[in-house]
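Enquirer: Before I ask anything, here is the structure I am working with.
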Amino acid sequence: MRLRTFPGGVHPHDEKHYSASSPITLAPLPAKVTIHVSQHIGSPSSPVVAVGDEVKTGQLIAEASGFVSLNQHASISGKVTAIDRFPHPCGTSSLAIQITGDGEDKWVELADEADYMNLSATEMKSRIAAAGICGMGGAGFPTNVKLSPPEDKPIDTVILNGVECEPFLTSDYRLMMEHADEIISGLKLIMKTVNARQGIIGIEANKPDAMALMEKKLKGEANLEVIGLKLRYPQGAEKQLIYAATRRKVPAGGLPMAVGVVVQNVGTAFAVYEAIRYRKPLIDRIISITGEGIKKPSNLQARIGTAFSELVEFCGGASMEIGKLISGGPMMGFALPSLDASMGKGSSGLLLFGKKAARLLDEKSCLRCARCVDVCPMNLLPSLIASAVKYKDLDKAVEAGLNDCMKCGSCSYVCPAQIRLVQWIDTGKIRYTEAQRAKK
Amino acid sequence: MKDKYIVSSAPHVHDKTTIPMVMWNVVIALIPALVFAVYYWGLRALVLTLLGAISAVVTEAAIQKLRKVPVSVSDGSAFLTGLLLAYNIHAGAPLWLPIAGSVFAIAVGKQVFGGLGNNPVNPALLGRAFLLASWPTLMTAGWVKPRTGTLSGISNVDDIALNLQSVSPKAYELVTGATPLKVVQSLRDSSFVASINSSATEGVDIANRIFTNITEMGSLKNLFWGNIGGCIGEVSAFALLLGAAYLLYKNIIEWRIPLFYVGTVFVLSFLFGPIKGSGYSMMLPFFHIFSGGLMLGAFFMATDYTTTPLTKNGRIIFAIGCGLLTVVIRLVGGYPEGVSYSILFMNVMTPLIDKFTVPKAFGRIKK
Ligand code: SF4
Ligand code: SF4
Numbered sequence: 001m002r003l004r005t006f007p008g009g010v011h012p013h014d015e016k017h018y019s020a021s022s023p024i025t026l027a028p029l030p031a032k033v034t035i036h037v038s039q040h041i042g043s044p045s046s047p048v049v050a051v052g053d054e055v056k057t058g059q060l061i062a063e064a065s066g067f068v069s070l071n072q073h074a075s076i077s078g079k080v081t082a083i084d085r086f087p088h089p090c091g092t093s094s095l096a097i098q099i100t101g102d103g104e105d106k107w108v109e110l111a112d113e114a115d116y117m118n119l120s121a122t123e124m125k126s127r128i129a130a131a132g133i134c135g136m137g138g139a140g141f142p143t144n145v146k147l148s149p150p151e152d153k154p155i156d157t158v159i160l161n162g163v164e165c166e167p168f169l170t171s172d173y174r175l176m177m178e179h180a181d182e183i184i185s186g187l188k189l190i191m192k193t194v195n196a197r198q199g200i201i202g203i204e205a206n207k208p209d210a211m212a213l214m215e216k217k218l219k220g221e222a223n224l225e226v227i228g229l230k231l232r233y234p235q236g237a238e239k240q241l242i243y244a245a246t247r248r249k250v251p252a253g254g255l256p257m258a259v260g261v262v263v264q265n266v267g268t269a270f271a272v273y274e275a276i277r278y279r280k281p282l283i284d285r286i287i288s289i290t291g292e293g294i295k296k297p298s299n300l301q302a303r304i305g306t307a308f309s310e311l312v313e314f315c316g317g318a319s320m321e322i323g324k325l326i327s328g329g330p331m332m333g334f335a336l337p338s339l340d341a342s343m344g345k346g347s348s349g350l351l352l353f354g355k356k357a358a359r360l361l362d363e364k365s366c367l368r369c370a371r372c373v374d375v376c377p378m379n380l381l382p383s384l385i386a387s388a389v390k391y392k393d394l395d396k397a398v399e400a401g402l403n404d405c406m407k408c409g410s411c412s413y414v415c416p417a418q419i420r421l422v423q424w425i426d427t428g429k430i431r432y433t434e435a436q437r438a439k440k
Numbered sequence: 441m442k443d444k445y446i447v448s449s450a451p452h453v454h455d456k457t458t459i460p461m462v463m464w465n466v467v468i469a470l471i472p473a474l475v476f477a478v479y480y481w482g483l484r485a486l487v488l489t490l491l492g493a494i495s496a497v498v499t500e501a502a503i504q505k506l507r508k509v510p511v512s513v514s515d516g517s518a519f520l521t522g523l524l525l526a527y528n529i530h531a532g533a534p535l536w537l538p539i540a541g542s543v544f545a546i547a548v549g550k551q552v553f554g555g556l557g558n559n560p561v562n563p564a565l566l567g568r569a570f571l572l573a574s575w576p577t578l579m580t581a582g583w584v585k586p587r588t589g590t591l592s593g594i595s596n597v598d599d600i601a602l603n604l605q606s607v608s609p610k611a612y613e614l615v616t617g618a619t620p621l622k623v624v625q626s627l628r629d630s631s632f633v634a635s636i637n638s639s640a641t642e643g644v645d646i647a648n649r650i651f652t653n654i655t656e657m658g659s660l661k662n663l664f665w666g667n668i669g670g671c672i673g674e675v676s677a678f679a680l681l682l683g684a685a686y687l688l689y690k691n692i693i694e695w696r697i698p699l700f701y702v703g704t705v706f707v708l709s710f711l712f713g714p715i716k717g718s719g720y721s722m723m724l725p726f727f728h729i730f731s732g733g734l735m736l737g738a739f740f741m742a743t744d745y746t747t748t749p750l751t752k753n754g755r756i757i758f759a760i761g762c763g764l765l766t767v768v769i770r771l772v773g774g775y776p777e778g779v780s781y782s783i784l785f786m787n788v789m790t791p792l793i794d795k796f797t798v799p800k801a802f803g804r805i806k807k
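Protein sequence lines correspond, in order, to chains A and B. The opening residue of the first sequence carries number 1 in our numbering; numbering runs sequentially from there. The opening residue of the second sequence carries number 441 in our numbering; numbering runs sequentially from there.
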């Protein structure tokens, strides 16, 4: 197979060896879960339960509060014990519903639709919406919204993102190895919802067995194919993946549907399959607990809202003094101050780094070496954006690409002066939003 | 709160590249050139080089102490500047010359502007320009013959004319006493050609034979290995290419500038390089890219991070500009060599080039 890729990008060590070979393990039922009302892009869900209510596993506890919003469900059965601010997996704290379990895991009634492949597209989409599914690669855009493009933007291609380009993470890889059939069904269902004629699964070269398995399964399916991709970060970024797989360029500021494409993560496809066939809400997911600092690196199937501390404990605890805890991947994930937060729908991994790997290097002055320019997949001038932000020249920052940056981190990754470019750019984005608001 | 971990913004991993790693790797890449220089000219080449490098380091440390900023000489950038400066001096120069150049390069070329990353032009080249302006004869005369060859790279004078010394003392003096680029420059000078021999046609004839000879395989080989007269670090194209390959492999320099610089010189010297009556030759462009400071300039000085454009297209414009100026100076200007002035000039143009080559973001429609 000829491997494809996109321009720019970097080659971090993939570090998947920690957890790649450990099969998906069921995490023990948590005693308590904390489910945030904001685990997605869009307006927060509004709680429909009150403290003291008894809930079953899979019961709706907060509902979508607008078009771009999401339903949330209880991930264990028990009693609602608090609706309050709790630490969020992004490092902040925000409103969440806490459920204390009864240990019985009593479920709401599920279904098993025999002819699930032939439901109407509207029915499929309403099941996806009901199940509270959002993009599970991290960004967390509500899936049903993504699958409802306006009439004038027909979709011809669905790409499943099996790239998992973030180092360390192996949750998508394990899912592909262990649930290939379900993922493929999910892909077909997604294609039906948007009436696409072509389905692609994009997989990077460091997962040859997943690629081979999917290829074998797709043999004989004329309109489905696996596309092998060269190892390069950030290939899993939507625009980069679309370009690598189809050579189509999503216009700046635009969405993939502008070029007739919808991208979904493989985990999302799995959840879509479960939602349409069984009407199962999204109440659990696969998360990689990995890094040099964990005793037993694992891929766990865990309930949404499980505290990170419980997952770490289940994996044998820390194997060394921990310097940094990262929710998500090492390139775009969030450093957490403690293990108090709990996992959300977008939690693909939790990384434990030792003291040495966590050490921060001093920022030196820019050499103008242009390494950041050469790797930027969006073709921007990161050093210029950063210095413009530093000197409070927002117009110049915008001209150098402030608003086109997707914060992939490639530029900071290669900077020999260890300038925290993404942090500066982030500051710039915040200031820009404030400035826009002030103008109105 | 227990378990306090480090909180910082993403990314949480970094590749191993740091400023010292970059600088010291460039120093490593420049070592083969020094080995060749020592082979041809003996330990004096090494002593001159070390004097240049060490005085650059000392100057930088002293100024940083005075400015009360952290002393950062261990990052290797001052050492590299001193090394490059010394590479632009020939082995016959007095020992104080590289010291004077390095002190100037670091003090005026770099620290005045606030140190690494802020200097507008390449400090080593500025140091060289300073030496050339202050002590032109020391810089351009007194070349030392390599141990195994001749100054001009022409190994057999008899090939040009039997008894050249008596036929034309001037031509003889040229092919035995000048560096290759100087020979070519003189041959392009009509008043020089007229003075070669009392018979004008005979003079043109001799000039043409010298020209052909110097671009022949035998002479080109000497040029490639460095078996000629020249500056310490410029002399062996082979050694420099070896180092350049290492830097390209290590991803420390980027291909655009060297490729477009050398390519421009290649094409232009093919088109405009021939002298009257010599005709086009595929050998001539090779003569031009392997001679003088081009290899050192294109791979090690025009690729200096701070003083070259950030943008990809800007780098191409920069490199073509360097190539164009180099050829113009060599072929029509008053100097035999133009690499360092070309780079210095394009350094000055860099902010302007950057300004006009801001790239369009991925997916943005070109206006
Ligand atoms: S500027 Fe933005 S898009 Fe470009 S490399 Fe940096 S983080 Fe990625
Ligand atoms: S990589 Fe760092 S040092 Fe190099 S130009 Fe970009 S910001 Fe400056």
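Using N, Cα and C, we set each Cβ at its ideal position, and we do this for glycine too.
Assuming residue 453 of chain B and residue 692 of chain B are in contact, meaning their beta carbons sit under 8 Å apart, how far apart are those beta carbons, in whole angstroms?
Expert: Numbered from its first residue, the second sequence carries residue 453 of chain B at position 13. Numbered from its first residue, the second sequence carries residue 692 of chain B at position 252. Contact doesn't hold; Cβ gap of about 20 Å is too wide.
Enquirer: Taking the alpha-carbon of residue 320 of chain A as reference, which of A/10, A/344 and A/353 has the nearest alpha-carbon?
Expert: For the purposes of this step, residue 320 of chain A is taken as residue 320 along the first sequence, with counting starting at 1. Closest option to residue 320 of chain A, Cα to Cα, is A/353.
Enquirer: Counting Cβ pairs closer than 8 Å, one from the segment 345-360 of chain A and one from the segment 466-479 of chain B, do we hit at least three?
Expert: No contact exists between the segment 345-360 of chain A and the segment 466-479 of chain B.
Enquirer: Per the contact definition of three or more C-beta pairs closer than 8 Å, is the segment 43-56 of chain A in contact with the segment 249-260 of chain A?
Expert: Output reads no: the segment 43-56 of chain A does not touch the segment 249-260 of chain A.
Enquirer: Considering only C-alpha positions, which residue in the set A/63, A/173, A/437 and A/225 is nearest to residue 298 of chain A?
Expert: Mapped onto the first sequence, residue 298 of chain A falls at position 298. Looking at the Cα atoms, A/173 is the closest of the given residues.
Enquirer: When the Cα atoms are used, what is the spatial distance from residue 86 of chain A to residue 500 of chain B?
Expert: Residue 86 of chain A sits at position 86 when you count from the first residue of the first sequence. Residue 500 of chain B sits at position 60 when you count from the first residue of the second sequence. Those two C-alpha atoms are separated by around 53 Å.
Enquirer: Could you give the residue range of the beta strand (DSSP E) that holds residue 270 of chain A?
Expert: One-based indexing of the first sequence puts residue 270 of chain A at position 270. Element bounds for residue 270 of chain A: not the beta strand (DSSP E) but the alpha helix (DSSP H), 266-278.
Enquirer: When you compare only the Cα positions, how much space is there between residue 179 of chain A and residue 222 of chain A?
Expert: Taking the first residue of the first sequence as 1, we reach residue 179 of chain A at position 179. Taking the first residue of the first sequence as 1, we reach residue 222 of chain A at position 222. Between residue 179 of chain A and residue 222 of chain A, the C-alpha separation is close to 21 Å.
Enquirer: Taking Cβ positions, are residue 640 of chain B and residue 476 of chain B nearer each other than 7 Å?
Expert: Taking the first residue of the second sequence as position 1, residue 640 of chain B is located at position 200. Taking the first residue of the second sequence as position 1, residue 476 of chain B is located at position 36. In this structure, residue 476 of chain B does not lie closer than 7 Å to residue 640 of chain B by Cβ.
Enquirer: Is it buried or exposed, residue 562 of chain B, if we count other Cβ atoms within 10 angstroms and call 16 or more buried?
Expert: For the purposes of this step, residue 562 of chain B is taken as residue 122 along the second sequence, with counting starting at 1. Buried.
Enquirer: Between residue 460 of chain A and residue 43 of chain A, which are expected to be in contact by the criterion C-beta below 8 Å, what is the C-beta distance as a whole number of angstroms?
Expert: Lying before the first or after the last residue shown, residue 460 of chain A is absent from chain A, which here runs from 1 to 440.
Enquirer: Taking residue 418 of chain A as part of the beta strand (DSSP E), name the residues at either end of that continuous run.
Expert: If you number the first sequence from 1, residue 418 of chain A lands on position 418. Segment: none, residue 418 of chain A is in no beta strand (DSSP E) and carries neither H nor E.
Enquirer: Name, going along the chain, the residues of the segment 314-333 of chain A whose beta-carbon falls closer than 7 Å to a beta-carbon of chain B.
Expert: Under the 7 Å Cβ criterion, the segment 314-333 of chain A contributes 322, 323, 324, 325, 326, 330, 331, 332 and 333.
Enquirer: Using CA atoms only, rank isn't needed, just tell me which of A/322, A/294, A/385 and A/211 is closest to residue 2 of chain A.
Expert: By one-based count along the first sequence, residue 2 of chain A stands at place 2. Measuring from the Cα of residue 2 of chain A, the nearest candidate turns out to be A/211.
Enquirer: Any heavy atom of ligand 2 closer than 6 Å to the beta-carbon of residue 383 of chain A?
Expert: Within the first sequence, residue 383 of chain A is the residue found at index 383, counting from 1. Residue 383 of chain A Cβ: within cutoff of ligand 2.
Enquirer: Output, in chain order, the set of chain B residues within a Cβ distance shorter than 8 Å of residue 120 of chain A.
Expert: What you label residue 120 of chain A is simply residue 120 of the first sequence in a count that begins at 1. The contacting residues do not exist; residue 120 of chain A stays about 34 Å from chain B at best.
Enquirer: Using 7 Å as the limit for Cβ to Cβ distance, is residue 85 of chain A near chain B?
Expert: Taking the first residue of the first sequence as position 1, residue 85 of chain A is located at position 85. Taking Cβ atoms only, chain B never reaches closer than 7 Å to residue 85 of chain A, which makes this a no.
Enquirer: Looking at the unbroken alpha helix (DSSP H) that takes in residue 181 of chain A, where does it start and where does it end?
Expert: Within the first sequence, residue 181 of chain A is the residue found at index 181, counting from 1. Its alpha helix (DSSP H) spans residues 180-194.
Enquirer: Is there a C-beta anywhere in chain B that falls below 7 Å from the one on residue 347 of chain A?
Expert: As a first step, residue 347 of chain A must be located in the first sequence, where it is residue number 347. Residue 347 of chain A does not count as touching chain B.
Enquirer: Count the C-beta pairs between the segment 357-372 of chain A and the segment 323-331 of chain A that are closer than 8 Å, then say yes if the count reaches three, no if not.
Expert: Result yes; three or more Cβ-Cβ pairs closer than 8 Å.
Enquirer: When you compare the CB of residue 441 of chain B with every CB in chain A, is at least one pair closer than 7 Å?
Expert: For this step, residue 441 of chain B is matched to residue 1 along the second sequence. Unreliable placement is indicated for residue 441 of chain B, whose pLDDT of 45 sits below 50; the coordinate value is still reported in the next sentence. Yes, residue 441 of chain B lies at the interface with chain A (some Cβ there is under 7 Å from its Cβ).
Enquirer: Assign residue 240 of chain A to one of three DSSP states: helix, strand, or coil.
Expert: Residue numbering aside, residue 240 of chain A sits at position 240 when the first sequence is read from its first letter. Helix at residue 240 of chain A.
Enquirer: Does residue 459 of chain A come out as helix, strand or coil in the three-state DSSP assignment?
Expert: Here chain A has residues from 1 to 440 only, and residue 459 of chain A is not among them.
Enquirer: Less than 7 Å separating the beta-carbons of residue 190 of chain A and residue 162 of chain A?
Expert: Residue mapping note: residue 190 of chain A aligns to position 190 of the first sequence, counting from 1. Residue mapping note: residue 162 of chain A aligns to position 162 of the first sequence, counting from 1. Cβ atoms of residue 190 of chain A and residue 162 of chain A: not closer than 7 Å.
Enquirer: Return yes when the Cβ of residue 498 of chain B is within less than 7 Å of the Cβ of residue 504 of chain B, no when it is not.
Expert: Counted from its first residue, the second sequence places residue 504 of chain B at position 64. Counted from its first residue, the second sequence places residue 498 of chain B at position 58. No, these two residues do not count as a Cβ contact at 7 Å.
Enquirer: Could you confirm whether any beta carbon from chain A is found closer than 7 Å to the beta carbon of residue 462 of chain B?
Expert: As a first step, residue 462 of chain B is located in the second sequence; it is residue number 22 there, counting from the start. So, interface residue.
Enquirer: Can you name, in chain order, every residue of its own chain whose Cβ lies under 6 Å from the Cβ of residue 129 of chain A, other than the five neighbours on each side?
Expert: Numbered from 1 along the first sequence, position 129 holds the residue referred to as residue 129 of chain A. Contacts found: 144.
Enquirer: Using DSSP with H/G/I as helix, E/B as strand and the rest coil, what is residue 459 of chain B?
Expert: The residue labelled residue 459 of chain B in the question sits at position 19 within the second sequence. If DSSP states are grouped into helix, strand and coil, residue 459 of chain B belongs with the helices.
Enquirer: For residue 704 of chain B and residue 725 of chain B, I'd like the C-alpha separation in whole angstroms.
Expert: In the second sequence, the residue the question calls residue 704 of chain B occupies position 264. In the second sequence, the residue the question calls residue 725 of chain B occupies position 285. For residue 704 of chain B and residue 725 of chain B, the distance between alpha carbons rounds to 10 Å.
Enquirer: Given a cut-off of 7 Å on the beta-carbon distance, is the pair residue 696 of chain B and residue 770 of chain B in contact?
Expert: Numbered from its first residue, the second sequence carries residue 696 of chain B at position 256. Numbered from its first residue, the second sequence carries residue 770 of chain B at position 330. No; because the gap between Cβ atoms is not below 7 Å, this pair is not in contact.
Enquirer: Check for me: the alpha helix (DSSP H) holding residue 288 of chain A runs from which residue to which?
Expert: Indexing the first sequence from 1 puts residue 288 of chain A at position 288. Here residue 288 of chain A belongs to no alpha helix (DSSP H); instead the beta strand (DSSP E) covers 284-290.
Enquirer: Could you name the residues of chain B that residue 378 of chain A contacts, counting a contact when the two beta carbons are closer than 7 Å?
Expert: By 1-based counting over the first sequence, the position of residue 378 of chain A is 378. What residue 378 of chain A touches in chain B: 801 and 802.
Enquirer: Please list, in chain order, the residues of the segment 158-175 of chain A that have any C-beta partner in chain B closer than 7 Å.
Expert: Those would be 167, in chain order.
Enquirer: Per DSSP, which residues does residue 79 of chain A bridge with? Please list them.
Expert: Here residue 79 of chain A is taken as the residue at index 79 of the first sequence, counted from 1. DSSP output for residue 79 of chain A lists A/54 and A/100 as bridge partner(s).
Enquirer: Hey, could you find the ends of the beta strand (DSSP E) residue 335 of chain A is sitting in?
Expert: As a position in the first sequence, residue 335 of chain A is number 335, starting the count at 1. Element bounds for residue 335 of chain A: 334-336.
Enquirer: Let me confirm a value: residue 13 of chain A is counted as buried when at least 16 other C-beta atoms fall within 10 Å, else exposed. Which label applies?
Expert: Here residue 13 of chain A corresponds to residue number 13 of the first sequence, with the count starting at 1. Residue 13 of chain A comes out exposed.
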